[in-house]
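Since the structure comes first, as structure tokens, the remarks are kept for the end.
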Amino acid sequence: MARFRTHLALLGSAAALTAGALAPVQLAGAQPAAAADYDWVALGDSYSAGVIKATGDVFEFPRDGCERTDRSYPQIIDRDLGALFELTNVSCGAATIEDVTFRAQVPIGRSVPGTPDPESPFDPVPPQSEAVKSGTDVITVGVGGNTLGFGNILFKCLELGQGSGGVGTPCKDELAASIPAKLTKVGKDYDAMLAKLHEKGPHAKILAIGYPTVIPKDISKCQYNNLQQFVSITPGDLNWLRTDVLEPLNKVIEKSAGTQDAATFVNLYDSSEKHSVCDAGKWVEGVFDEDNQAALVHPNAKGHENAADHVTSAILNAVAPKD
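Just so we're aligned, residue 71 is where the sequence shown starts under my numbering, counting upward by one.
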């Protein structure tokens, strides 16, 4: 695995891309743009923020370390529906449910394990729920994976699979007993978050965004020690991660959303089923992308386009007049 560690070190030492956009100049005598009809607040973790280079450029300057990218689904929707919705996007890479609900977060930028972002440390950002106001109409929130500790689980599986030749389930054997308690915490934290968001935005429709398919049902598509897939995670552990970790995570989020009248679950899993890390037409990158940039199993631009399609439909349905 020396090659894998070398890739991480080289990728982590590169400066992250930044892109600043100049504000348009208001011409003298020109009429100001009409106010949008609805206020939308986007909350969430890296699966909402974008973060990786396969989802475009960081568009905010100066960087705050949250790594919101211009091809992430909130930004795609904003370009399509900007005349109708005023977007406040405070999603942030590495956010937990608690970071959304009540805790200030110290962003990590484009760090990889063992190699911090060259511009870190970043200043703390406020709890994301503070962006929700009494007049907010729609809240989208995609979070839960970091509360589960999926990143740590992933790298533990990489470590335990080294030298196994792809045989056995070393990660399942070591970690399986700890997963039910982690899922229980996700559920409790998610319930508390939804209650807080409803309190902050009592008239808002809350859209709980699920996670896409990451691991295929047909594990034979995944190649052991493929850097653009799951590197050293064994096939048996990939099956376990899919059935006992990732699919239950979506079920916990869906169940929590079902307890709140104001909340609706948005399913991204089914529509992305044939576009996993190991599929030819992947919508989620592996540990590295095809340009050998660290991706750490995150959706690429196509994955965010799919999310944008489903979230757009849910947003428009949320504000449509009801009979």
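The beta carbon of each residue, even a glycine, is placed where N, CA and C say it ideally should be.
Would you give the residue range spanned by the alpha helix (DSSP H) that residue i belongs to?
i, result
"tyrosine 395", "Because the chain in this structure spans residues 71 to 393, residue 395 falls outside the shown range and cannot be described."
"asparagine 216", "215-218"
"valine 389", "371-389"
"lysine 242", "240-245"
I'd like to know whether the C-beta atoms of residue i and residue j end up nearer to each other than 7 Å.
i, j, result
"alanine 464", "cysteine 162", "An answer regarding residue 464 cannot be provided, because it is not within the stretch 71 to 393 covered by the chain."
"valine 347", "valine 301", "no"
"valine 354", "valine 256", "no"
"glutamate 229", "threonine 283", "no"
"cysteine 227", "aspartate 307", "yes"
"glycine 135", "phenylalanine 192", "yes"
"leucine 264", "threonine 334", "no"
"glutamine 363", "lysine 123", "yes"
"glycine 177", "asparagine 159", "Checking the sequence, you will find proline at residue 177 rather than glycine. Not a contact, by the Cβ cut-off of 7 Å."
"lysine 270", "serine 199", "yes"
"threonine 171", "lysine 266", "yes"
"glycine 233", "threonine 304", "no"
"asparagine 320", "glycine 280", "yes"
"proline 318", "leucine 253", "yes"
"glycine 351", "glycine 212", "no"
"valine 208", "isoleucine 249", "no"
"threonine 125", "histidine 374", "yes"
"isoleucine 385", "tyrosine 260", "no"
"isoleucine 285", "leucine 311", "yes"
"valine 389", "tyrosine 117", "no"
Report the CB separation of residue i from residue j in whole angstroms; it is logged as a contact under 8 Å.
i, j, result
"proline 196", "alanine 174", "6 Å"
"valine 381", "threonine 206", "Not a contact, Cβ separation roughly 16 Å."
"aspartate 169", "glycine 179", "Aspartate 169 to glycine 179, Cβ: 15 Å. No contact."
"alanine 274", "alanine 332", "7 Å"
"arginine 138", "valine 128", "7 Å"
"arginine 133", "glutamate 189", "6 Å"
"isoleucine 34", "alanine 378", "The structure shown does not extend to residue 34, since the chain is modelled only from 71 to 393, so the question has no answer here."
"serine 383", "proline 272", "Contact flag wrong, Cβ pair sits at about 24 Å."
"lysine 392", "aspartate 349", "So it is not a contact: roughly 39 Å between Cβ atoms."
Can you tell me where the beta strand (DSSP E) holding residue i begins and where it ends?
i, result
"valine 211", "208-212"
"alanine 333", "333-336"
Is the stretch 337-346 touching the stretch 151-168 in the sense that three or more CB pairs, one from each, lie closer than 8 Å? no
Which runs of the alpha helix (DSSP H), 4 residues or longer, sit entirely within the stretch 260-329? 305-310, 317-327
Ignoring anything shorter than 4 residues or poking outside the stretch 134-205, list the alpha helix (DSSP H) runs there in chain order. 143-151, 167-171
Taking 8 Å as the cut-off, does the stretch 212-219 touch the stretch 182-189 (at least 3 CB pairs, one atom from each stretch)? no
Determine, using beta-carbon pairs with one atom in the stretch 364-372 and one in the stretch 235-242, whether at least three such pairs fall under 8 Å. no
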